[in-house]
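Participant: Before I ask anything, let me first share the structure, which is written out below as structure tokens.
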Amino acid sequence: MLILTSQQVREWDLFTIKNKPISSINLMETAATVCCEWLSANRFDNLPIHIFCGKGNNGGDGLAIARIMAGHGLTPLLSILETGKPGTEDFQTNLARLHETSIQPHYIHSEENFPVVASGTVIIDAIYGTGLNRPAEGSAAKLIKHINAQKCAVIAIDLPSGLNPDHSSKNNTVVTATHTLSFQCFKPAFLFPENEDAIGQLHILDIGLEPAFAETLTDTDLFIVKDIASQLLRKRKSFSHKGDYGHAAIIAGSKGMMGAAVLSAKACLRSGA
């Protein structure tokens, strides 16, 4: 199981683009298609859908999802959080493609024109993805609070908006998702207990990133496999005994609850302590 930082995920994207090869926009199209397939398989496409997009690549995912849905005869509502900037290149490409459909995006300029979300609507959160490395603020933070105030199922694309992918987001303004559709691997934030309510049910979707990228990784603190663990064991000498390879003091368990103590002791013995 890979657990990769946002920087490593970006490197994996670039590695795939170079070595597969595939263009960035087509990789985004694959991600959006896989999300639409998940939505269809889980019957969410039978419900009213409102997609909220930022103007980064996560928003580009949202635009592509809206367009693919329109191609299947669906009519999702779409709102774009205006930032005064044109957005990323892939966002702009998908916005141009969206204009070829009947979907008319609603642009959010301020809190005053936040859209009303009807009860029973499924909200798709594509405001911020792994590119966000600071707390959400201003109109974005207010929009996140607006989404959280709705009595609707929320499906986050890649990760809930406002959630830092690599570090704790405690006390930050974060979308509270019912489901999170993330891509290819775990991110550190998915393993922090304080993020449980924000993430909801986590689903890791395969978007076809190049598997050979794992061979280029040098960090060993974010993924654990047998080959790495075996390197931590000290080499045994021919003339030695158990006292030569370290000692372990285990403080664990309580009356009637000795399972953790037994497992810890067995692990120490197995490791040579």
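First residue of the sequence shown? That's 9 in this note's numbering, and the numbers climb one at a time after it.
Glycine residues also receive a C-beta, built at the ideal position from the N, C-alpha and C atoms.
Every value quoted in this text rests on a predicted model; they were computed, and no experiment measured them.
If contact is defined by three or more beta carbon pairs under 8 Å, each pair taking one atom from either stretch, is the segment 140–151 in contact with the segment 170–183?
Facilitator: Contact between the segment 170–183 and the segment 140–151 is present, because at least three Cβ pairs lie under 8 Å.
Participant: Of all the alpha helix (DSSP H) runs that stay within the bounds of the segment 92–143, which reach a length of 4 or more residues?
Facilitator: Correct list: 97–106.
Participant: Provide the residue(s) that pair with Q209 in DSSP beta bridges, ordered along the chain.
Facilitator: Bridge partners of Q209: H187.
Participant: Could you check whether the segment 40–50 touches the segment 105–120, counting it as contact only if at least three pairs of C-beta atoms, one from each stretch, sit closer than 8 Å?
Facilitator: Because the criterion of three Cβ pairs below 8 Å is not met, the segment 40–50 and the segment 105–120 do not touch.
Participant: Please list, in chain order, all residues of the same chain as C276 whose beta carbon is under 8 Å from its beta carbon, the five residues on each side excluded.
Facilitator: Closer than 8 Å at the Cβ level, and outside the excluded window around C276, lie A256 and I258.
Participant: Could you name the residues of the same chain whose beta carbon sits closer than 6 Å to that of W20, not counting the 5 residues immediately before and after it, in chain order?
Facilitator: L217 and F221.
Participant: If you run the structure through DSSP and keep just helix, strand and coil, what is A161?
Facilitator: In this structure, A161 counts as strand in the three-state DSSP scheme.
Participant: Using the three-state DSSP reduction, which class does L241 fall into: helix, strand or coil?
Facilitator: Coil at L241, not helix or strand.
Participant: Taking only the alpha-carbon atoms, compute the straight-line gap between C61 and M9 and give it to the nearest angstrom.
Facilitator: Those two C-alpha atoms are separated by around 30 Å.
Participant: Is the beta carbon of A269 less than 8 Å from the beta carbon of A260?
Facilitator: In this structure, A260 lies closer than 8 Å to A269 by Cβ.
Participant: According to the Cβ coordinates, are S169 and P123 closer than 8 Å?
Facilitator: Taking 8 Å as the Cβ cut-off, S169 and P123 do not qualify as a contacting pair.
Participant: Starting from the Cα of K159, find the closest Cα among A74, G137, I76 and T184 and give me that residue.
Facilitator: Looking at the Cα atoms, T184 is the closest of the given residues.
Participant: Over what stretch of residues does the beta strand (DSSP E) that includes F194 continue unbroken?
Facilitator: Where F194 is concerned, there is no enclosing beta strand (DSSP E), given that its DSSP letter is neither H nor E.
Participant: Should D166 and F194 be called a contact, given that it needs their Cβ atoms to be closer than 8 Å?
Facilitator: It is not a contact, given that the beta carbons lie outside the stated cut-off.
Participant: Is the beta carbon of I116 less than 8 Å from the beta carbon of E90?
Facilitator: Their beta carbons are under 8 Å apart, which means I116 touches E90 by this criterion.
Participant: Could you tell me the distance, in whole angstroms, from the CA atom of I59 to the CA atom of A273?
Facilitator: Going from the Cα of I59 to the Cα of A273 covers about 51 Å.
Participant: Given this structure, state the Cα-to-Cα distance separating V130 from Y136, to the nearest angstrom.
Facilitator: Approximately 18 Å, taken between the alpha carbons.
Participant: Straight-line CA distance for S31 to F23?
Facilitator: C-alpha separation (whole angstroms): 11 Å.
Participant: When we look at the beta-carbon of M266 and count the other beta-carbons within 10 Å, is it buried (16 or more) or exposed?
Facilitator: Under this definition M266 is an exposed residue.
Participant: Starting from I73, trace the alpha helix (DSSP H) both ways and give me its first and last residue.
Facilitator: I73 -> alpha helix (DSSP H) spans N65 to G79.
Participant: Can you list, in chain order, the residues of its chain whose CB lies under 8 Å from that of H211, leaving out five sequence neighbours each side?
Facilitator: Counting only Cβ-Cβ distances below 8 Å, and skipping sequence neighbours, we find W46, H187, T188, L189 and S190.
Participant: Does DSSP classify F60 as helix, strand or coil?
Facilitator: Strand.
Participant: Rounded to the nearest angstrom, what separates D53 and D69 at their Cα positions?
Facilitator: One C-alpha to the other measures close to 16 Å.
Participant: Indicate whether I163 and I207 have their beta-carbon atoms separated by less than 8 Å.
Facilitator: No, the Cβ-Cβ distance between I163 and I207 is not below 8 Å.
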